[in-house]
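Chemist: UniProt numbering applies: residue 1 is where the sequence shown begins, and numbers increase by one. For glycine and all other residues, C-beta sits at the position ideal for the given N, C-alpha and C.
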Amino acid sequence: MEYRTLGGSGAVVSAFALGTMTFGHESDEATAHAQLDRFVEAGGTFIDTADVYTAGASEEIIGRWLASRPADVTERVVLATKGRFPMGDGPNDLGLSRRHLRRALDASLRRLGVDAVDLYQLHSWDPLTPLEETLRFLDDAVTAGKIAYPGLSNFTGWQLQKACDLIDVRGWAKLVTLQPQYSLLVREIEWEIVPACQENGLGLLPWSPLGGGWLTGKYTRDSRPSGATRLGEQPDRGMEGYDRRSTRDRTWDVVEAVEEVAKARGTSMAQVALAWVCDRPAVTSVLLGARTMDQLEDNLAAADVRLSEEETARLDAVSDPGVGDYPYGELGVEQRSRRIEGQR
Ligand SMILES: NC(=O)c1ccc[n+]([C@@H]2O[C@H](COP(=O)([O-])OP(=O)(O)OC[C@H]3O[C@@H](n4cnc5c(N)ncnc54)[C@H](OP(=O)(O)O)[C@@H]3O)[C@@H](O)[C@H]2O)c1
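#1: What are the boundary residues of the alpha helix (DSSP H) that includes ASP72?
#2: List the whole-angstrom C-beta distance separating ARG314 from ALA275, where the pair is believed to meet the contact cut-off of C-beta under 8 Å.
#3: Taking DSSP's pairing of strands, which residues face SER14 in a bridge?
#4: Which residues does DSSP list as the beta-bridge partners of TYR120?
#5: Tell me whether the beta-carbon of PRO206 lies closer than 8 Å to the beta-carbon of SER226.
#6: Using a Cβ distance threshold of 8 Å, determine whether the stretch 158-171 contacts the stretch 231-251, with at least three qualifying pairs required.
#7: Quick check on the DSSP output: the alpha helix (DSSP H) that includes ASP37 runs from which residue to which?
#8: Tell me the start and end of each unbroken alpha helix (DSSP H) in the stretch 196-251 that is at least 4 residues and wholly inside, in chain order.
#9: Going by other Cβ atoms of all chains shown within 10 Å of its Cβ, with 16 needed for buried, is TYR326 buried or exposed?
#10: Determine the extent of the alpha helix (DSSP H) in which ASP165 is found, giving its start and end residues.
#11: Does the separation of the CB atoms of GLY241 and THR229 fall below 8 Å?
#12: Using a threshold of 7 Å, is the CB atom of TRP65 nearer than that to any non-hydrogen atom of ligand 1?
#13: Which two residues bound the contiguous beta strand (DSSP E) that contains VAL286?
#14: Taking buried to mean at least 16 other C-beta atoms within 10 Å of its own C-beta, is ILE340 buried or exposed?
#15: Count the C-beta pairs between the stretch 331-338 and the stretch 194-201 that are closer than 8 Å, then say yes if the count reaches three, no if not.
#16: Might you give, ordered along the chain, the residues of its own chain that have their beta carbon closer than 7 Å to the beta carbon of GLY329, omitting 5 neighbours on each side?
#17: Can you grab the Cα-Cα spacing for the pair VAL40 / ASP320, in whole Å?
#18: Provide the residue(s) that pair with THR177 in DSSP beta bridges, ordered along the chain.
#19: Please classify MET21: is it buried, with 16 or more other beta-carbons within 10 angstroms of its beta-carbon, or exposed?
#20: In whole angstroms, give me the CA-to-CA distance for ARG111 and GLY63.
#21: The alpha helix (DSSP H) spanning ILE47 covers which residue range?
#22: Is the stretch 291-311 touching the stretch 257-277 in the sense that three or more CB pairs, one from each, lie closer than 8 Å?
#23: Could you please give the first and the last residue of the uninterrupted alpha helix (DSSP H) stretch that includes PHE137?
#24: Would the beta-carbon of GLN295 be found less than 7 Å away from any heavy atom of ligand 1?
#25: What residue range is occupied by the uninterrupted alpha helix (DSSP H) comprising GLY332?
#26: Does DSSP put VAL52 in a helix, in a strand, or in coil?
#27: Rounding to the nearest angstrom, what Cα-Cα distance links PHE137 and GLU59 in this structure?
#28: Would GLN179 and SER208 qualify as a contact pair, given that the criterion is a beta-carbon distance under 8 Å?
#29: Is PRO127 near ligand 1, judged by its Cβ being under 7 Å from some heavy atom?
#30: Near ALA42, which residues of its chain fall below 8 Å by C-beta distance, leaving aside the five closest residues on each side in sequence?
#31: Give me the residue from ALA55, ALA80, VAL73 with the minimum Cα distance to GLY88.
#32: Check this for me: beta carbons of THR131 and ALA163, under 8 Å apart or not?
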């Protein structure tokens with residue numbers, strides 16, 4: 001397992017993190033604990049959860065695991081969680097207000113059974129709350145020792161930049177990471193968000209690196225998803241709904257290319273897709289998601305896969321979402337690449 005610094009911080013994490021969104025839902029507690037044991041045995045140190053995963057149950061399951069394993073195991077863990085999405089029906093049971101986040105963070109710490117988390121992430125932007133209020137809350141939480149580092153998730157480029165600038169001006173605790181959706185099927189963050197992260201020294205924590213299962217080859221053009229799979233159980237689930245993705249030719253071109261690369265190397269499709277995203281610029285740690293132990297085992301093996309230049313070039317090309325001419329394409333690049341003659 002490779003280790004990298006957690007974005008712009010001095011903390012070190014495994015290049016693959018264990019995502020825990022399936023805990024208490026697709027994966028029962030015994031499977032979840034077995035996943036956590038296997039993950040740390042394989043050298044994994046970084047665990048990602050959120051208050052909203054299975055309405056708090058994911059954090060509780062992790063909390064019981066932390067409480068029942070020896071200190072030399074749990075001491076190595078770098079723990080990340082998030083707040084922002086609804087945890088109740090009240091008008092203040094969501095959002096990035098100080099009022100909600102104070103309660104949300106304390107509730108997360110209680111469920112996890114810890115005094116502090118290493119990374120606390122704003123799960124998404126909140127148009128109702130002044131950003132100063134949110135960022136001041138994070139800084140206070142760092143000072144209070146409840147979080148070591150603040151991070152973001154699902155922010156756009158301008159939102160991220162605004163947050164970084166405000167923090168600089170006020171001298172508050174710096175953001176260290178952004179957690180965006182990123183995979184061979186979803187690369188649009190490369191237009192604006194990845195450069196914003198690079199400019200500000202934030203590391204990327206890609207979520208849904210397998211596109212929610214698509215990049216394992218389990219979904220096909222000719223039949224609707226069925227059985228115990230994410231889309232078999234909920235065909236319209238979230239951003240990966242079957243109808244939306246299956247009508248895009250690029251989806252099937254990407255899936256086919258991943259399959260061909262995997263066959264030629266003798267690895268699984270999942271390993272190829274995970275190795276590709278792990279190798280992208282600015283990536284700190286890729287969030288693995290698994291329902292079963294077999295899936296986790298398959299995905300952990302991606303830590304040993306290094307794609308060749310040719311394989312990477314092929315996957316880059318087939319998954320390229322295109323940028324048009326302007327502002328990201330040829331016309332924009334021309335404007336942004338101004339150089340003085342002779343400049344080195
Ligand atoms: N910040 C955010 O807004 C956000 C959003 C989503 C996720 N996340 C984080 O990112 C983590 C990973 O997201 P994700 O679960 O969507 O990741 P993913 O890797 O794209 O999808 C995981 C799903 O794919 C299937 N799968 C995984 N490995 C497989 C394998 N080797 N062979 C066949 N099928 C396989 C399983 O679903 P089935 O068995 O059901 O098919 C599994 O639940 C989450 O746990 C969470 O920590 C964050």
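Modeler: To lay it out plainly:
#1: Run containing ASP72: 71-74, per the alpha helix (DSSP H) assignment.
#2: Here ARG314 is actually not in contact with ALA275; their C-beta atoms are around 13 Å apart, not less than 8 Å.
#3: In the DSSP output, where bridge partners are listed per residue, SER14 has TYR3.
#4: Looking at the DSSP output, TYR120 sits in a beta bridge with THR81, PRO150.
#5: SER226 sits away from PRO206, with the two beta carbons spaced by 8 Å or more.
#6: Per the Cβ contact rule, the stretch 158-171 is not in contact with the stretch 231-251 (fewer than 3 Cβ pairs under 8 Å).
#7: From DSSP, the alpha helix (DSSP H) with ASP37 extends over 29-41.
#8: The stretch 196-251 is shown to contain whole alpha helix (DSSP H) runs of 4 or more residues at 230-233, 242-246, in chain order.
#9: Exposed is the label assigned to TYR326, since fewer than 16 other Cβ atoms lie within 10 Å of its Cβ.
#10: Per DSSP, ASP165 belongs to the alpha helix (DSSP H) from 157-170.
#11: Contact flag unset, no.
#12: Relative to ligand 1, the beta carbon of TRP65 is positioned no closer than 7 Å to any heavy atom.
#13: Start and end: 286-288.
#14: ILE340 is classed as exposed because its beta carbon has fewer than 16 other beta carbons within 10 Å across all chains shown.
#15: Touching, no.
#16: Here GLY329 has VAL323 as same chain residues with Cβ atoms under 7 Å from its own Cβ, once five neighbours each way along the sequence are excluded.
#17: Distance between the alpha carbons of VAL40 and ASP320: 34 Å.
#18: As a beta-bridge residue in DSSP terms, THR177 pairs with GLY203.
#19: Counting Cβ neighbours within 10 Å, MET21 comes out buried, since at least 16 surround it.
#20: Taking the straight line joining both Cα atoms gives about 6 Å.
#21: Per DSSP, ILE47 is not a residue of any alpha helix (DSSP H); the beta strand (DSSP E) it occupies stretches across 46-48.
#22: Yes, the stretch 257-277 is in contact with the stretch 291-311.
#23: That run of the alpha helix (DSSP H) goes 131-143.
#24: For ligand 1, at least one heavy atom lies less than 7 Å from the Cβ of GLN295.
#25: Its alpha helix (DSSP H) spans residues 330-336.
#26: DSSP places VAL52 in the coil class of the three-state scheme, outside both helix and strand.
#27: Counting only the Cα atoms, GLU59 lies some 22 Å from PHE137.
#28: Contact: no.
#29: Every heavy atom of ligand 1 is 7 Å or more from the Cβ of PRO127, so no.
#30: Non-local C-beta neighbours of ALA42 in its own chain, meaning closer than 8 Å and more than five positions away in sequence, comprise MET1, LEU300, ALA303, ordered along the chain.
#31: Out of ALA55, ALA80, VAL73, ALA55 has the C-alpha closest to the C-alpha of GLY88.
#32: Looking at the sequence itself, residue 131 is Leu, so the reference to Thr does not match. Yes, Cβ-Cβ distance for LEU131 and ALA163 is below 8 Å.
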